[in-house]
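In this text, residue positions in the sequence shown follow this note's numbering: the first is 15, and each later residue adds one. Ideal Cβ positions, reconstructed from N, Cα and C, are used throughout, including at glycine. To start, the structure under review is shown below, and the notes come after it.
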Amino acid sequence: MRFGSLRQRAERLDTPLSEAENALVHQYADLVRLAYITLPPSLSGHQKVTVSHGVVQRALPSARLARTRAVPSPRRSGEDHARPEHSYLVTVLGRVLAYDRRPALWPARLGAPRVLMPRLPIVLGLRLFPRPGGAEALSLTRALAGLSAETRAAFVLCSVYGLPDDVVVDVLEAAGAKDARGAVRGCHAFEADEVGAARTLALSEEFDACVLQATPADLLRRRHRTRLALVACLAGLLTGAMLLTQLAPDPVPTTALPAAAFGLRAADLTRAPADQWDNTARIDFTAWPPRGSRTEDEQLLNRALSTWSRPGPGTRVVTTAATSSAPPPSAPQLLYAGEVDAHAVVLLHDGQRLARYQEDLRSQDRTRLDVARVDDADVTTAAAVNLGSGSRGARYLVAPWVAEVQTRDLLQPDVLARALDTTEDGVTEPVPLTVGSGAGCHSRPVLQLRSSARIAERHAFLLAGLGDLSPVHLTYTPLPGHGTPPPRQPREATGSAALVAWSHQACALSGLRDRDTRAVNAWEFAEQELPDGGVRAVWTCMREASWRGPGDVTVTLRVAGDGVKAPARPVSRVRSTALCSRFGQHIAAGTVWHSPRGNWYALAAGSRAVTSLAVSGDVTARTSSPTLAVRTPRQPRFKVSARLATGDRLDGVMGEG
Numbered sequence: 015m016r017f018g019s020l021r022q023r024a025e026r027l028d029t030p031l032s033e034a035e036n037a038l039v040h041q042y043a044d045l046v047r048l049a050y051i052t053l054p055p056s057l058s059g060h061q062k063v064t065v066s067h068g069v070v071q072r073a074l075p076s077a078r079l080a081r082t083r084a085v086p087s088p089r090r091s092g093e094d095h096a097r098p099e100h101s102y103l104v105t106v107l108g109r110v111l112a113y114d115r116r117p118a119l120w121p122a123r124l125g126a127p128r129v130l131m132p133r134l135p136i137v138l139g140l141r142l143f144p145r146p147g148g149a150e151a152l153s154l155t156r157a158l159a160g161l162s163a164e165t166r167a168a169f170v171l172c173s174v175y176g177l178p179d180d181v182v183v184d185v186l187e188a189a190g191a192k193d194a195r196g197a198v199r200g201c202h203a204f205e206a207d208e209v210g211a212a213r214t215l216a217l218s219e220e221f222d223a224c225v226l227q228a229t230p231a232d233l234l235r236r237r238h239r240t241r242l243a244l245v246a247c248l249a250g251l252l253t254g255a256m257l258l259t260q261l262a263p264d265p266v267p268t269t270a271l272p273a274a275a276f277g278l279r280a281a282d283l284t285r286a287p288a289d290q291w292d293n294t295a296r297i298d299f300t301a302w303p304p305r306g307s308r309t310e311d312e313q314l315l316n317r318a319l320s321t322w323s324r325p326g327p328g329t330r331v332v333t334t335a336a337t338s339s340a341p342p343p344s345a346p347q348l349l350y351a352g353e354v355d356a357h358a359v360v361l362l363h364d365g366q367r368l369a370r371y372q373e374d375l376r377s378q379d380r381t382r383l384d385v386a387r388v389d390d391a392d393v394t395t396a397a398a399v400n401l402g403s404g405s406r407g408a409r410y411l412v413a414p415w416v417a418e419v420q421t422r423d424l425l426q427p428d429v430l431a432r433a434l435d436t437t438e439d440g441v442t443e444p445v446p447l448t449v450g451s452g453a454g455c456h457s458r459p460v461l462q463l464r465s466s467a468r469i470a471e472r473h474a475f476l477l478a479g480l481g482d483l484s485p486v487h488l489t490y491t492p493l494p495g496h497g498t499p500p501p502r503q504p505r506e507a508t509g510s511a512a513l514v515a516w517s518h519q520a521c522a523l524s525g526l527r528d529r530d531t532r533a534v535n536a537w538e539f540a541e542q543e544l545p546d547g548g549v550r551a552v553w554t555c556m557r558e559a560s561w562r563g564p565g566d567v568t569v570t571l572r573v574a575g576d577g578v579k580a581p582a583r584p585v586s587r588v589r590s591t592a593l594c595s596r597f598g599q600h601i602a603a604g605t606v607w608h609s610p611r612g613n614w615y616a617l618a619a620g621s622r623a624v625t626s627l628a629v630s631g632d633v634t635a636r637t638s639s640p641t642l643a644v645r646t647p648r649q650p651r652f653k654v655s656a657r658l659a660t661g662d663r664l665d666g667v668m669g670e671g
């Protein structure tokens, strides 16, 4: 961190140009990170990268201005350092805060003047963006987008770079912030429970606009437009010749254009070496070598590429939520090409998405293209891909780092997993899909995989196939006080307690099909002794994390004696929330319970940081405990509120059924 000089006062610009440039270069990376995080979230990642570099580079004083400042101006009495107005930090921050401002009479439909006016650096033909992060980075990005620009700037200065509040207030005011003190207060409210996690994430490469990846910008469209221009010129020549010779040849239909017209050929496909997974720190789909019996079948590969570039009228195209079926921006990576259950299958990866091309071996006219997001895949979520589903179930292609493939039934936690046969190419025998619910929920088969010891020793994990391209990663967070280390982060759901917990949640998995679900964590956040017999109940928050970032949660209650296969009782459901995630670690919930003795009770419980609970409505009660049970009239209406150890108030989630 190179903003340390600001703990007293900001640096001066009253230096020769060479010294000023050295000072700017010394702080360059930190200033770019500050600008990148503070810029409006409406900008694309590429725009934020170029704008953040531009505003920092333009902070360097001109040569003429540097000459006029070669001799320092006299200091005022008692002034030991320059004011914050004279720092690069203030200059950069002022331009960033003003970037999205519009004049009073500026048309609402137009972007701000600074957005419309191109400034250096300008990048043509490429799209630049920081390295993609995980689900936590996406959650932090979403949370920061909900803050004002001034609060985002305060977050970087206070939480990330550790500057004192008074210095941050001075800097923000000098940069033109309207409510500098309010921004600092908002920053502290934002990171009250997430100081370490948020700071660590904000300092990672996901928010570093100086460590970039590049992809072509509309490469296929550019090539297509060039070819269309050539075709247009040729058409003009033909038209002239036609007028001269009065000939009328039949036009060439556009559907006759070969796949090469879109710039994609089988020879262009990238292929990873067979041992790359054992020689890289990036364990995801980029480490998959090409497998299958038809990896050299150029005709099949060309048909797959042509279909992804422009699906024909008879092709069924299926995409997961918020996934584009647009052509890949560059030559994709070949993961598999072979035959699976009377279908030719090609599996491709473009760095952000998986594409599975299927054609019926009996008729090439019957084709299907499935596209799904996998831009945050890791050792678990890139461990298997659904090659195709039939009446017997789905066959999976497992990752090269998977050393053991088994299957087990979630509804039978006491039954050991059994080995699953796989081919030399890593294709499994059919595994029944996790479908059916309610009365039809009799079995919930899942994959239990174990990574090679070269990746992680004794690392086993569960994947649930729901019919989508990528199976869902299942994890578990135990009750407070259970397990070592303390249960603060999800862990693999392969232990006995995790399997018992998932036996009560398994039947709810069928509702996640076609929902863009990446992982599901079952967090047992509270246990409670119920009245009228003292049976034990466990409160669980099941969080469904999507590939896009947002997640839905379902709170359930299971009571001892319900039976191993009995589904947990739903309490409430909240959509698109940070609850039960790294950025929403506190929860309180309430529901109505009918005891075996026929009495009605209002139940409430909170997570480990909850110190007291209160219910209000048809029933009123309060307790200095993380659980509450109070006898009520039949099915009362009430609300739950909680108090955390920090003194903050937390509203409880209530049942919607």
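Where residue i sits in the DSSP three-state scheme
i, result
"F475", "strand"
"C555", "strand"
"L48", "helix"
"W291", "helix"
"G661", "coil"
"E220", "helix"
"T395", "coil"
"L348", "strand"
"R651", "coil"
"Q503", "coil"
"P88", "At P88, the pLDDT of 40 sits below 50, so the modelled position is not reliable; the number obtained from the coordinates is stated separately. In the structure shown, P88 sits in coil (DSSP, three-state: anything other than H, G, I, E or B)."
"A274", "Confidence in A274 is poor, its pLDDT being 39 and thus under 50, which makes the residue's placement unreliable; the coordinate value appears in the next sentence. Note: A274 maps to helix in three-state DSSP."
"E164", "helix"
"S639", "coil"
"R406", "coil"
"T531", "strand"
"A470", "coil"
Test item: CB-CB of residue i and residue j under 7 Å
i, j, result
"V606", "Q649", "yes"
"A520", "L425", "yes"
"R308", "A351", "yes"
"F475", "E443", "no"
"W415", "L349", "no"
"P49", "C224", "For the record, residue 49 in the displayed sequence is Ala; it is not Pro. It is not a contact, given that the beta carbons lie outside the stated cut-off."
"E558", "L493", "no"
"A682", "W516", "The chain is shown from 15 up to 671; residue 682 falls before or after that span and cannot be answered."
"L361", "P325", "no"
"V385", "T421", "no"
"R387", "W561", "yes"
"A197", "L186", "yes"
"L283", "A345", "yes"
"L251", "G190", "no"
Reference residue i, options the options, closest by Cα
i, options, result
"T381", "P640, A398 and Q372", "Q372"
"L152", "F221, V137, E164 and V534", "F221"
"E543", "Y615, M556 and A340", "Y615"
"A692", "L488, S323 and V569", "Here the chain has residues from 15 to 671 only, and residue 692 is not among them."
"I601", "A551, V573 and A540", "A540"
"Y490", "A618, T634, A511 and V578", "A511"
"H608", "D482, S638, D632 and A643", "A643"
"N400", "C247, T508 and L480", "L480"
"A281", "A659, W291, R317 and G666", "R317"
"H456", "G328, A288 and V578", "V578"
Residues that DSSP places opposite residue i in a beta bridge
i, result
"V667", "A603"
"T357", "It should be pointed out that residue 357 corresponds to His in this sequence rather than to Thr. Per DSSP, V354 and D374."
"V385", "T333 and A369"
"H363", "Q347 and L368"
"P230", "L140"
"E541", "V552"
"S626", "R657"
"D423", "P459"
"W614", "H608 and T646"
"L488", "L476 and V534"
"T436", "T442"
"L411", "V399 and V441"
CB contact below 7 Å: residue i versus chain B
i, result
"R145", "Within the model displayed, chain B is absent; a lone protein chain is all it includes."
query: Which ranges would you report for the beta strand (DSSP E) in the stretch 291-338 if only whole runs of at least 3 residues count?
result: Residue ranges of uninterrupted beta strand (DSSP E) with 3 or more members, entirely inside the stretch 291-338 and ordered along the chain, are 329-333.
- request: Enumerate, from N- to C-terminal direction, the unbroken alpha helix (DSSP H) stretches of 4 or more residues contained entirely within the stretch 561-610.
  value: No alpha helix (DSSP H) of 4 residues or more sits fully in the stretch 561-610.
- prompt: Which full runs of the alpha helix (DSSP H) of 4+ residues lie inside the stretch 171-200, going along the chain?
  reply: Counting only runs of 4+ residues, the alpha helix (DSSP H) found wholly inside the stretch 171-200 occupies 179-188, in chain order.
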